[in-house]
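I have placed the structure first, in the form of structure tokens, so that the comments after it can refer back to it.
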Amino acid sequence: MSSKYTAFRCPEDLLEKAKARAKRDRRSLSNYLITLIDKDVASMGEPLSEEEGASRGKLHGNN
Numbered sequence: 003m004s005s006k007y008t009a010f011r012c013p014e015d016l017l018e019k020a021k022a023r024a025k026r027d028r029r030s031l032s033n034y035l036i037t038l039i040d041k042d043v044a045s046m047g048e049p050l051s052e053e054e055g056a057s058r059g060k061l062h063g064n065n
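Mapping to my numbering: the sequence shown position 59 is 61, numbers consecutive.
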């Protein structure tokens, strides 16, 4: 799966908290948010295709 640039609106206070959490975890804001979204989507119980699973593993350093 390839990555695609996207932009969205976010309340400033929430963005600052997310930046601080990402920094504390020594991660980029992008990686931190993608990880949260990925976990939420995965909890929906939809099975991943082989390609999606491999791609996400690389994203999270599991490869």
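Here a beta-carbon is modelled for each residue, glycine too, at the ideal position from N, C-alpha and C.
Got a sec, what are the start and stop residues for the alpha helix (DSSP H) residue i sits in?
i, result
"S5", "From DSSP, S5 is part of no alpha helix (DSSP H); its letter is neither H nor E."
"R23", "14 to 26"
Helix, strand or coil: which one does DSSP assign to residue i?
i, result
"S45", "coil"
"S32", "helix"
What number of angstroms, rounded off, separates the C-alpha of residue i from the C-alpha of residue j?
i, j, result
"R11", "A44", "23 Å"
"Y7", "S32", "10 Å"
Excluding the five sequence neighbours on either side, which residues of its own chain have a C-beta within less than 8 Å of the C-beta of residue i, listed in chain order?
i, result
"Y34", "A20, R23, A24, D27"
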